[in-house]
Amino acid sequence: MRQLRIIIAGGGTGGHIFPAIAIARALLRLRPDTQILFVGAVGKMEMEKVPQAGFEIVGLDIVGFNRSNLLANLSLPGKLLKSRNAARKIIDRFKPDVIVGVGGYASYPMLSAGQAARIPTLIQEQNSYAGKSNKMLANRAKAICVAYDNMSRFFPASAILFTGNPVRELITGMNGNSNDCKLKFGLQPGKKTILVVGGSQGAKSINEAVSACLEKWVADGLQIIWQTGKAYFETAAGSAVKYQNSVFVKDFITGMDDAYTAADIVVSRAGALAIAELCIAARPVIFVPYPFAAENHQWSNAQALVDKGAALIINDNEINDKLYNTVSALANNAQQMTAMSQELGKMAIRDADERIANKIFEIAGK
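First residue of the sequence shown? That's 1383 in our numbering, and the numbers climb one at a time after it.
Below you can see the structure in the form of C-alpha coordinates.
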(Lines of atoms letter the chains of each structure in order from A and count residues from 1; the text may use other names and numbers.)
(Lines give C-alpha, C1' and ligand atoms only; values in the text may rest on other atoms or scores of the structure.)
Protein backbone atom coordinates (compact mmCIF):
# COMPACT_ATOMS: atom_id res chain seq x y z
CA MET A 1 0.00 0.00 0.00
CA ARG A 2 1.56 3.28 -1.13
CA GLN A 3 2.10 6.21 1.19
CA LEU A 4 -0.57 8.91 0.89
CA ARG A 5 0.05 12.65 1.02
CA ILE A 6 -2.80 14.82 2.31
CA ILE A 7 -3.11 18.61 2.61
CA ILE A 8 -5.57 19.99 5.17
CA ALA A 9 -6.35 23.66 4.55
CA GLY A 10 -8.21 26.20 6.66
CA GLY A 11 -8.38 27.71 10.10
CA GLY A 12 -8.92 31.14 11.58
CA THR A 13 -10.81 29.97 14.68
CA GLY A 14 -10.80 26.97 16.97
CA GLY A 15 -14.01 25.86 15.26
CA HIS A 16 -12.01 25.14 12.12
CA ILE A 17 -8.65 24.20 13.65
CA PHE A 18 -9.65 21.56 16.20
CA PRO A 19 -11.76 19.52 13.72
CA ALA A 20 -8.85 19.70 11.25
CA ILE A 21 -6.46 18.33 13.86
CA ALA A 22 -8.98 15.61 14.77
CA ILE A 23 -9.16 14.55 11.11
CA ALA A 24 -5.35 14.49 10.85
CA ARG A 25 -5.05 12.30 13.93
CA ALA A 26 -7.70 9.92 12.59
CA LEU A 27 -5.80 9.63 9.30
CA LEU A 28 -2.66 8.66 11.23
CA ARG A 29 -4.52 6.20 13.47
CA LEU A 30 -5.88 4.39 10.44
CA ARG A 31 -2.75 4.69 8.27
CA PRO A 32 0.30 5.75 10.31
CA ASP A 33 2.50 6.32 7.25
CA THR A 34 0.23 9.09 5.86
CA GLN A 35 2.08 12.36 5.20
CA ILE A 36 0.06 15.40 6.29
CA LEU A 37 0.68 19.08 5.61
CA PHE A 38 -1.52 21.85 7.03
CA VAL A 39 -2.01 25.11 5.18
CA GLY A 40 -3.28 28.09 7.17
CA ALA A 41 -3.39 31.88 7.09
CA VAL A 42 -0.38 33.90 8.22
CA GLY A 43 -1.00 35.49 11.60
CA LYS A 44 -4.00 33.34 12.51
CA MET A 45 -4.22 30.98 15.47
CA GLU A 46 -3.67 27.82 13.40
CA MET A 47 -0.04 28.90 12.93
CA GLU A 48 0.36 28.35 16.70
CA LYS A 49 -2.13 25.58 17.48
CA VAL A 50 -1.23 23.17 14.65
CA PRO A 51 2.51 22.94 15.49
CA GLN A 52 1.54 22.51 19.16
CA ALA A 53 -0.42 19.45 18.04
CA GLY A 54 2.70 18.09 16.32
CA PHE A 55 1.93 18.85 12.65
CA GLU A 56 3.74 20.89 10.01
CA ILE A 57 1.96 23.98 8.69
CA VAL A 58 2.70 26.61 6.05
CA GLY A 59 0.92 29.96 5.87
CA LEU A 60 -0.77 31.85 3.05
CA ASP A 61 -0.99 35.66 3.09
CA ILE A 62 -4.78 35.80 2.93
CA VAL A 63 -7.59 37.55 4.81
CA GLY A 64 -11.35 37.14 4.75
CA PHE A 65 -14.03 39.56 3.53
CA ASN A 66 -14.47 42.41 6.02
CA ARG A 67 -18.19 43.06 6.48
CA SER A 68 -17.77 45.93 8.94
CA ASN A 69 -15.23 47.96 6.95
CA LEU A 70 -15.76 47.62 3.20
CA LEU A 71 -12.72 49.78 2.37
CA ALA A 72 -10.52 47.17 4.02
CA ASN A 73 -11.47 44.78 1.21
CA LEU A 74 -9.63 46.78 -1.47
CA SER A 75 -6.53 44.64 -0.95
CA LEU A 76 -8.48 41.37 -1.01
CA PRO A 77 -8.26 40.60 -4.78
CA GLY A 78 -4.48 41.05 -4.74
CA LYS A 79 -4.08 38.88 -1.64
CA LEU A 80 -6.33 36.21 -3.17
CA LEU A 81 -4.25 36.10 -6.36
CA LYS A 82 -1.03 36.00 -4.36
CA SER A 83 -2.31 33.22 -2.11
CA ARG A 84 -3.59 31.23 -5.10
CA ASN A 85 -0.11 31.37 -6.67
CA ALA A 86 1.44 30.33 -3.35
CA ALA A 87 -1.05 27.45 -3.13
CA ARG A 88 0.02 26.20 -6.57
CA LYS A 89 3.65 26.20 -5.44
CA ILE A 90 2.72 24.21 -2.32
CA ILE A 91 0.95 21.66 -4.52
CA ASP A 92 3.93 21.39 -6.85
CA ARG A 93 6.26 20.85 -3.93
CA PHE A 94 4.16 18.54 -1.71
CA LYS A 95 2.31 16.63 -4.49
CA PRO A 96 -0.85 15.79 -2.47
CA ASP A 97 -3.19 12.91 -3.30
CA VAL A 98 -6.15 14.75 -1.74
CA ILE A 99 -6.73 18.29 -0.46
CA VAL A 100 -9.16 18.71 2.43
CA GLY A 101 -10.81 22.06 3.17
CA VAL A 102 -12.15 22.67 6.67
CA GLY A 103 -13.23 26.29 6.16
CA GLY A 104 -11.46 29.51 7.05
CA TYR A 105 -9.31 31.93 5.08
CA ALA A 106 -6.79 29.48 3.65
CA SER A 107 -9.33 26.90 2.55
CA TYR A 108 -10.59 28.61 -0.63
CA PRO A 109 -7.29 29.41 -2.41
CA MET A 110 -5.88 25.99 -1.55
CA LEU A 111 -8.88 23.98 -2.77
CA SER A 112 -9.37 26.22 -5.80
CA ALA A 113 -5.76 25.69 -6.85
CA GLY A 114 -6.10 21.96 -6.23
CA GLN A 115 -9.23 21.67 -8.33
CA ALA A 116 -7.57 23.58 -11.15
CA ALA A 117 -4.70 21.07 -10.97
CA ARG A 118 -7.22 18.17 -11.01
CA ILE A 119 -6.32 17.00 -7.53
CA PRO A 120 -9.29 15.44 -5.68
CA THR A 121 -10.75 17.69 -2.99
CA LEU A 122 -12.97 17.06 0.01
CA ILE A 123 -14.93 19.77 1.81
CA GLN A 124 -15.77 19.50 5.49
CA GLU A 125 -18.71 21.87 6.06
CA GLN A 126 -19.29 22.24 9.78
CA ASN A 127 -22.33 24.50 9.80
CA SER A 128 -26.01 24.16 9.01
CA TYR A 129 -25.77 27.12 6.61
CA ALA A 130 -22.98 26.63 4.10
CA GLY A 131 -20.35 29.30 3.59
CA LYS A 132 -19.94 31.09 0.26
CA SER A 133 -16.50 29.62 -0.42
CA ASN A 134 -17.68 26.05 0.08
CA LYS A 135 -20.69 26.64 -2.16
CA MET A 136 -18.37 27.94 -4.88
CA LEU A 137 -16.07 24.92 -4.56
CA ALA A 138 -18.77 22.26 -4.16
CA ASN A 139 -19.44 21.33 -7.79
CA ARG A 140 -15.86 20.15 -8.32
CA ALA A 141 -15.40 18.48 -4.93
CA LYS A 142 -15.32 14.68 -4.76
CA ALA A 143 -17.10 14.66 -1.39
CA ILE A 144 -18.71 17.12 1.01
CA CYS A 145 -18.88 15.96 4.62
CA VAL A 146 -21.71 17.58 6.58
CA ALA A 147 -23.14 17.59 10.10
CA TYR A 148 -26.71 18.76 9.47
CA ASP A 149 -29.71 17.56 7.49
CA ASN A 150 -31.03 19.23 4.33
CA MET A 151 -27.62 20.33 3.04
CA SER A 152 -28.61 19.48 -0.55
CA ARG A 153 -30.02 23.02 -0.72
CA PHE A 154 -26.38 24.14 -0.87
CA PHE A 155 -24.47 21.22 -2.37
CA PRO A 156 -24.88 18.50 -5.03
CA ALA A 157 -26.75 15.68 -3.29
CA SER A 158 -24.54 13.04 -4.91
CA ALA A 159 -21.43 14.42 -3.17
CA ILE A 160 -22.89 14.79 0.34
CA LEU A 161 -21.84 12.44 3.11
CA PHE A 162 -23.33 12.85 6.60
CA THR A 163 -20.44 12.41 9.02
CA GLY A 164 -21.06 14.82 11.88
CA ASN A 165 -18.36 17.21 13.05
CA PRO A 166 -15.00 15.90 14.32
CA VAL A 167 -14.43 16.47 18.01
CA ARG A 168 -11.22 16.54 20.04
CA GLU A 169 -10.23 13.18 21.54
CA LEU A 170 -10.29 14.55 25.08
CA ILE A 171 -14.03 15.24 24.60
CA THR A 172 -14.96 11.91 23.00
CA GLY A 173 -13.07 10.18 25.82
CA MET A 174 -14.82 12.08 28.65
CA ASN A 175 -15.37 9.80 31.66
CA GLY A 176 -14.68 11.97 34.71
CA ASN A 177 -16.75 12.41 37.85
CA SER A 178 -18.65 15.70 38.09
CA ASN A 179 -17.77 16.44 41.71
CA ASP A 180 -14.10 15.54 41.20
CA CYS A 181 -13.98 17.93 38.24
CA LYS A 182 -15.62 20.71 40.24
CA LEU A 183 -12.80 20.36 42.75
CA LYS A 184 -10.23 20.72 39.96
CA PHE A 185 -11.61 24.22 39.34
CA GLY A 186 -11.55 25.10 43.03
CA LEU A 187 -15.34 24.82 43.29
CA GLN A 188 -17.57 22.97 45.70
CA PRO A 189 -18.89 19.46 44.95
CA GLY A 190 -22.64 19.11 44.77
CA LYS A 191 -23.40 22.73 43.79
CA LYS A 192 -24.94 23.55 40.43
CA THR A 193 -22.26 24.92 38.12
CA ILE A 194 -22.57 27.17 35.05
CA LEU A 195 -19.90 26.89 32.34
CA VAL A 196 -19.58 30.03 30.21
CA VAL A 197 -17.65 29.75 26.93
CA GLY A 198 -17.71 32.49 24.32
CA GLY A 199 -15.51 30.64 21.85
CA SER A 200 -11.73 30.31 21.80
CA GLN A 201 -11.28 34.09 21.59
CA GLY A 202 -14.03 35.07 24.01
CA ALA A 203 -17.24 37.05 23.45
CA LYS A 204 -17.58 40.63 24.69
CA SER A 205 -21.36 40.65 25.00
CA ILE A 206 -21.46 37.37 26.93
CA ASN A 207 -18.61 38.43 29.21
CA GLU A 208 -20.25 41.74 30.08
CA ALA A 209 -23.58 40.04 30.79
CA VAL A 210 -21.92 37.43 33.00
CA SER A 211 -20.15 40.17 34.98
CA ALA A 212 -23.54 41.71 35.67
CA CYS A 213 -25.00 38.36 36.76
CA LEU A 214 -22.20 37.12 39.06
CA GLU A 215 -23.44 38.58 42.32
CA LYS A 216 -27.00 37.27 41.86
CA TRP A 217 -25.87 33.84 40.62
CA VAL A 218 -23.58 33.37 43.61
CA ALA A 219 -26.36 34.54 45.95
CA ASP A 220 -28.60 31.90 44.34
CA GLY A 221 -26.06 29.20 45.22
CA LEU A 222 -24.64 28.75 41.71
CA GLN A 223 -20.97 28.37 40.75
CA ILE A 224 -19.36 29.57 37.53
CA ILE A 225 -16.53 28.31 35.31
CA TRP A 226 -15.83 31.23 32.97
CA GLN A 227 -13.66 31.18 29.84
CA THR A 228 -13.22 34.80 28.88
CA GLY A 229 -10.72 34.98 26.02
CA LYS A 230 -7.56 37.09 26.39
CA ALA A 231 -9.11 40.53 25.86
CA TYR A 232 -11.53 40.36 28.79
CA PHE A 233 -9.57 38.21 31.22
CA GLU A 234 -8.21 40.92 33.52
CA THR A 235 -11.61 42.62 33.77
CA ALA A 236 -13.31 39.30 34.53
CA ALA A 237 -10.71 38.34 37.09
CA GLY A 238 -11.33 41.67 38.82
CA SER A 239 -15.08 41.07 38.84
CA ALA A 240 -14.66 37.57 40.26
CA VAL A 241 -12.03 38.21 42.92
CA LYS A 242 -14.58 38.53 45.73
CA TYR A 243 -16.22 35.21 44.74
CA GLN A 244 -13.07 33.09 44.86
CA ASN A 245 -14.81 29.92 46.07
CA SER A 246 -17.66 30.21 43.56
CA VAL A 247 -16.15 31.58 40.34
CA PHE A 248 -13.24 30.16 38.30
CA VAL A 249 -11.94 32.49 35.58
CA LYS A 250 -9.48 31.64 32.78
CA ASP A 251 -8.74 33.18 29.42
CA PHE A 252 -8.60 29.77 27.72
CA ILE A 253 -9.45 26.41 29.28
CA THR A 254 -7.34 23.55 27.90
CA GLY A 255 -9.09 20.84 29.94
CA MET A 256 -12.51 21.27 28.38
CA ASP A 257 -13.37 17.66 29.16
CA ASP A 258 -13.15 18.50 32.87
CA ALA A 259 -15.07 21.76 32.35
CA TYR A 260 -17.96 20.01 30.58
CA THR A 261 -18.00 17.25 33.20
CA ALA A 262 -18.13 19.79 36.03
CA ALA A 263 -20.89 21.81 34.37
CA ASP A 264 -24.60 21.40 34.95
CA ILE A 265 -25.56 24.13 32.45
CA VAL A 266 -23.53 25.69 29.63
CA VAL A 267 -23.78 29.20 28.15
CA SER A 268 -22.11 29.20 24.76
CA ARG A 269 -21.77 30.66 21.32
CA ALA A 270 -23.22 28.37 18.67
CA GLY A 271 -20.20 27.46 16.59
CA ALA A 272 -20.27 24.05 14.98
CA LEU A 273 -17.43 22.66 17.13
CA ALA A 274 -19.08 23.81 20.35
CA ILE A 275 -22.33 22.14 19.33
CA ALA A 276 -20.63 18.86 18.40
CA GLU A 277 -18.86 18.82 21.76
CA LEU A 278 -22.00 19.71 23.70
CA CYS A 279 -23.92 16.85 22.10
CA ILE A 280 -21.26 14.45 23.41
CA ALA A 281 -21.06 16.17 26.81
CA ALA A 282 -24.91 16.22 26.90
CA ARG A 283 -25.05 19.29 29.12
CA PRO A 284 -28.14 21.56 28.92
CA VAL A 285 -27.10 24.59 26.92
CA ILE A 286 -28.20 28.18 26.38
CA PHE A 287 -26.89 29.44 23.06
CA VAL A 288 -26.05 33.08 22.35
CA PRO A 289 -25.24 32.97 18.62
CA TYR A 290 -22.58 35.35 17.34
CA PRO A 291 -24.66 37.83 15.30
CA PHE A 292 -21.96 38.68 12.77
CA ALA A 293 -21.14 35.13 11.67
CA ALA A 294 -21.25 34.66 7.89
CA GLU A 295 -24.85 34.14 6.71
CA ASN A 296 -25.84 34.22 10.41
CA HIS A 297 -24.90 30.54 10.47
CA GLN A 298 -24.58 30.35 14.27
CA TRP A 299 -28.26 31.15 14.60
CA SER A 300 -29.09 28.36 12.13
CA ASN A 301 -26.82 25.96 14.04
CA ALA A 302 -28.50 26.76 17.36
CA GLN A 303 -32.04 26.71 15.98
CA ALA A 304 -31.54 23.15 14.72
CA LEU A 305 -31.08 22.08 18.37
CA VAL A 306 -33.78 24.33 19.78
CA ASP A 307 -36.28 22.75 17.37
CA LYS A 308 -35.53 19.36 18.94
CA GLY A 309 -35.88 20.59 22.52
CA ALA A 310 -32.13 20.17 23.10
CA ALA A 311 -31.21 23.82 23.75
CA LEU A 312 -32.40 27.33 24.52
CA ILE A 313 -31.42 30.47 22.63
CA ILE A 314 -30.93 34.15 23.49
CA ASN A 315 -30.34 36.88 20.91
CA ASP A 316 -26.98 38.56 21.38
CA ASN A 317 -28.66 41.97 21.67
CA GLU A 318 -30.98 40.68 24.42
CA ILE A 319 -28.40 38.93 26.58
CA ASN A 320 -28.16 41.68 29.22
CA ASP A 321 -31.90 41.52 29.79
CA LYS A 322 -32.40 37.76 29.58
CA LEU A 323 -29.30 35.88 30.71
CA TYR A 324 -29.90 35.90 34.47
CA ASN A 325 -33.56 34.86 34.27
CA THR A 326 -32.96 32.22 31.58
CA VAL A 327 -30.15 30.55 33.53
CA SER A 328 -32.06 30.72 36.81
CA ALA A 329 -35.25 29.27 35.34
CA LEU A 330 -33.36 26.38 33.75
CA ALA A 331 -31.32 25.68 36.89
CA ASN A 332 -34.58 25.33 38.82
CA ASN A 333 -36.23 23.01 36.28
CA ALA A 334 -34.71 19.56 36.72
CA GLN A 335 -37.18 17.96 34.32
CA GLN A 336 -36.26 20.32 31.48
CA MET A 337 -32.54 19.86 32.16
CA THR A 338 -32.90 16.08 31.97
CA ALA A 339 -34.92 16.26 28.75
CA MET A 340 -32.36 18.57 27.11
CA SER A 341 -29.50 16.28 28.09
CA GLN A 342 -31.26 13.29 26.59
CA GLU A 343 -31.97 15.08 23.30
CA LEU A 344 -28.37 16.29 23.04
CA GLY A 345 -27.09 12.78 23.66
CA LYS A 346 -29.20 11.43 20.80
CA MET A 347 -27.35 13.73 18.39
CA ALA A 348 -23.84 12.85 19.57
CA ILE A 349 -21.47 11.47 16.91
CA ARG A 350 -18.18 10.20 18.30
CA ASP A 351 -16.50 8.84 15.18
CA ALA A 352 -16.92 11.74 12.74
CA ASP A 353 -13.14 12.03 12.39
CA GLU A 354 -12.78 8.43 11.23
CA ARG A 355 -15.80 8.66 8.90
CA ILE A 356 -14.10 11.61 7.18
CA ALA A 357 -10.68 9.93 7.19
CA ASN A 358 -12.08 6.83 5.52
CA LYS A 359 -13.72 8.99 2.84
CA ILE A 360 -10.37 10.72 2.22
CA PHE A 361 -8.71 7.31 1.76
CA GLU A 362 -11.49 6.24 -0.59
CA ILE A 363 -11.03 9.34 -2.73
CA ALA A 364 -7.26 8.89 -2.76
CA GLY A 365 -7.68 5.27 -3.85
CA LYS A 366 -9.64 6.34 -6.91
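Cβ atoms here follow ideal geometry from the backbone N, Cα and C, with glycine treated the same way.
Ala1730: not part of any beta strand (DSSP E); DSSP gives it neither H nor E.
Scanning Ala1529, Ile1731, Val1709, Ala1495 for the CA closest to the CA of Ala1523 turns up Ala1495.
By the 16-neighbour rule on beta-carbons within 10 angstroms, Lys1431 is buried.
In this structure, Lys1573 is the residue among Lys1573, Thr1554, His1398 with its C-alpha nearest to the C-alpha of Asp1562. For Gly1441, the enclosing beta strand (DSSP E) has its first and last residue at 1439-1442. Between Lys1586 and Tyr1614 the beta-carbon gap is near 7 Å, inside 8 Å, which marks them as a contact.
In this model, Phe1437 and Asn1707 are separated by some 45 Å (Cα to Cα). Ile1418 is not a Cβ neighbour of Ala1488, given a cutoff of 8 Å. For the pair Ile1526 and Lys1748, the Cα-to-Cα distance works out to about 16 Å. In the pairwise beta carbon analysis, the region 1719-1739 is classified as touching the region 1540-1550: at least three pairs are separated by under 8 Å.
For Gly1496, the uninterrupted alpha helix (DSSP H) run begins and ends at 1489-1498, by DSSP. Under the three-pair Cβ rule at 8 Å, the region 1586-1602 counts as touching the region 1616-1623.
For Leu1504, the beta-bridge partners assigned by DSSP are Val1482, Ala1525.
By the criterion of a C-beta distance shorter than 7 Å, Ala1406 is surrounded in its chain by Ile1390, Ile1418, Phe1437, once the five residues flanking it on both sides are discounted. Taking C-beta separations shorter than 6 Å and ignoring five residues to either side along the sequence, the partners of Lys1690 in its chain run Glu1725, following chain order. DSSP places Ile1403 in the uninterrupted alpha helix (DSSP H) bounded by 1396-1412.
For Val1688, the enclosing alpha helix (DSSP H) covers residues 1679-1688. About 10 Å separates the beta carbon of Met1492 from that of Ile1501, a gap too long to meet the 8 Å contact definition.
Distance from the CA atom of Lys1612 to the CA atom of Val1631, rounded to whole angstroms, is 11 Å.
Listed in chain order, the beta strand (DSSP E) elements of length 3 or more contained wholly in the region 1522-1602 are 1525-1528, 1542-1544, 1575-1579. By alpha-carbon distance to Val1649, the top candidate from Gly1727, Gly1580, Glu1551 is Gly1580. Shortest Cα-Cα distance from Gln1508 to any of Thr1636, Thr1395, Phe1669, Leu1712 involves Thr1395. If you check the CB distance, Phe1476 and Arg1384 do not come in under 8 Å. With 16 or more neighbouring CB atoms inside 10 Å of its own CB, Met1638 falls in the buried class. Shortest Cα-Cα distance from Ala1408 to any of Gly1425, Phe1536, Val1549 involves Val1549.
With contacts defined by Cβ atoms closer than 8 Å, Leu1519 and Tyr1490 form a contacting pair. Counting C-beta atoms within 10 angstroms of its own C-beta, Lys1471 has fewer than 16 neighbours from the protein chains shown and is therefore classed as exposed. In the structure shown, the three-state DSSP call for Arg1387 is strand. Bridge partners of Ala1423 according to DSSP: Leu1442. By the 16-neighbour rule on beta-carbons within 10 angstroms, Asn1516 is buried. In the displayed model, Val1670 falls within coil according to three-state DSSP, outside both helix and strand. Asn1699 and Asn1589 have their C-alpha atoms spaced approximately 13 Å apart.
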